[in-house]
Amino acid sequence: GQQLNQSPQSMFIQEGEDVSMNCTSSSIFNTWLWYKQDPGEGPVLLIALYKAGELTSNGRLTAQFGITRKDSFLNISASIPSDVGIYFCAGGSNFGNEKLTFGTGTRLTIIP
Amino acid sequence: NAGVTQTPKFRVLKTGQSMTLLCAQDMNHEYMYWYRQDPGMGLRLIHYSVGEGTTAKGEVPDGYNVSRLKKQNFLLGLESAAPSQTSVYFCASSYPLTGRDEQFFGPGTRLTVL
Numbered sequence: 006g007q008q009l010n011q012s013p014q015s016m017f018i019q020e021g022e023d024v025s026m027n028c029t030s031s032s033i034f035n036t037w038l039w040y041k042q043d044p045g046e047g048p049v050l051l052i053a054l055y056k057a058g059e060l061t062s063n064g065r066l067t068a069q070f071g072i073t074r075k076d077s078f079l080n081i082s083a084s085i086p087s088d089v090g091i092y093f094c095a096g097g098s099n100f101g102n103e104k105l106t107f108g109t110g111t112r113l114t115i116i117p
Numbered sequence: 003n004a005g006v007t008q009t010p011k012f013r014v015l016k017t018g019q020s021m022t023l024l025c026a027q028d029m030n031h032e033y034m035y036w037y038r039q040d041p042g043m044g045l046r047l048i049h050y051s052v053g054e055g056t057t058a059k060g061e062v063p064d065g066y067n068v069s070r071l072k073k074q075n076f077l078l079g080l081e082s083a084a085p086s087q088t089s090v091y092f093c094a095s096s097y098p099l100t101g102r103d104e105q106f107f108g109p110g111t112r113l114t115v116l
């Protein structure tokens with residue numbers, strides 16, 4: 006099955022740095038979702054995007070729905086230790102197609 | 003609301019044994035899903051259900067069966083476990099009648115097949 010291309014696969018940053026990651030697809034999506042997964046836990050929804058070009062923030066997190074509908078971006082400003090985890094993107098059709106397509110994840114590590 | 007809950011949290015099976023994983027949600031969601039997560043593979047859909055009494059195959063259905071007898075519960079069965087089924091299993095639910103695709107996940111079940 007199709008999976009989204011997510012990059013980078015992993016990031017090693019220092020506390021306080023800003024983070025950028027992206028997700029690309031060969032197919033068009035009408036919905037882009039961003040999830041975070043802490044070790045030993047299930048993914049938790051961070052941001053949902055439903056309109057091309059949309060820019061949405063959730064605290065220090067900002068996500069954008071690419072204008073081509075084939076990509077999305079997530080930025081984290083001023084990273085803190087609790088930002089550590091795996092970030093997943095997911096694309097959906099929002100047309101009654103009940104399935105999401107997930108990216109392979111970006112693992113974020115904060116170096117002391 | 004408890005959201006999506008899964009039992010058990012951990013399980014070790016021997017090859018050939020059977021077991022059932024239980025997922026429950028209290029959000030009155032129509033759709034429910036079972037995924038498996040393996041290192042470097044992301045989330046892969048096993049089976050899903052769009053309503054009580056209905057089920058459908060996902061991307062990797064072989065070796066698994068499911069049932070949705072009640073709207074709030076979605077069961078995943080392994081009839082004869084194999085080492086290749088060692089994985090972390092996640093259940094999720096969604097309410098697409100609102101026009102939104104967001105899925106909400108349970109905490110996962112870590113299964114090891116020896």
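Same order as they appear, the protein sequences are chains A and B. Each residue of the first sequence is one higher than the one before, starting from 6 at the first, in the working numbering. Each residue of the second sequence is one higher than the one before, starting from 3 at the first, in the working numbering. No residue lacks a Cβ here, since even glycine has one placed at the ideal position from N, Cα and C. Bear in mind the structure is a predicted one, so any value in this text is a computation, not a measurement.
Practice prompt. Just the chain B side, please: which residues come within less than 7 Å of A:Lys56 by C-beta, in chain order?
Written response: Position 51 of the first sequence holds residue 56 of chain A. By Cβ distance, chain B contributes nothing, its closest Cβ being about 12 Å from A:Lys56, past 7 Å.
Worksheet item: So, do the segment 53-72 of chain B and the segment 98-107 of chain B have three or more beta carbon pairs nearer to each other than 8 Å?
Response: With a cut-off of 8 Å, the segment 98-107 of chain B and the segment 53-72 of chain B do not count as touching, because too few Cβ pairs lie within range.
Worksheet item: Which residues, in order along the segment 18-46 of chain A, keep a beta-carbon less than 7 Å from a beta-carbon of chain B?
Response: Thr36, Leu38, Glu46
Item to complete: Note down the Cα distance separating A:Thr109 from B:Leu78, rounded to an integer number of angstroms.
Response: Against the first sequence, residue 109 of chain A aligns to sequence position 104. Against the second sequence, residue 78 of chain B aligns to sequence position 76. Taking the straight line from one Cα to the other gives about 23 Å.
Practice prompt. Per DSSP, which residues does A:Ser77 bridge with? Please list them.
Written response: Position 72 of the first sequence holds residue 77 of chain A. BP columns for A:Ser77 point to A:Cys28, A:Phe70.
Discussion item. Beta-carbon within less than 7 Å of A:Val89's beta-carbon, same chain only, minus the 5 sequence neighbours each way: which residues are those?
Written reply: Here residue 89 of chain A corresponds to residue number 84 of the first sequence, with the count starting at 1. Leu113, Thr114, Ile115, listed in sequence order.
Worksheet entry | Contact with chain A by B:Asp103, beta-carbon distance below 9 Å | Indexing the second sequence from 1 puts residue 103 of chain B at position 101. Chain A contact via Cβ: present.
Worksheet entry | 6 Å CB neighbourhood of B:Asp28 in its chain, flanking five on each side removed | Position 26 of the second sequence holds residue 28 of chain B. Asn3, Ala4, listed in sequence order.
Item to complete: Mind checking who B:Arg70 pairs with in its DSSP beta bridge?
Response: Reading the second sequence from its first residue, position 68 is the one you call residue 70 of chain B. In the DSSP output, where bridge partners are listed per residue, B:Arg70 has none listed.
Discussion item. Looking at the strands, I want to know which residues DSSP matches up with A:Thr111.
Written reply: Walking along the first sequence from the start, residue 111 of chain A turns up at place 106. In the DSSP assignment, A:Thr111 forms a beta bridge with A:Tyr92.
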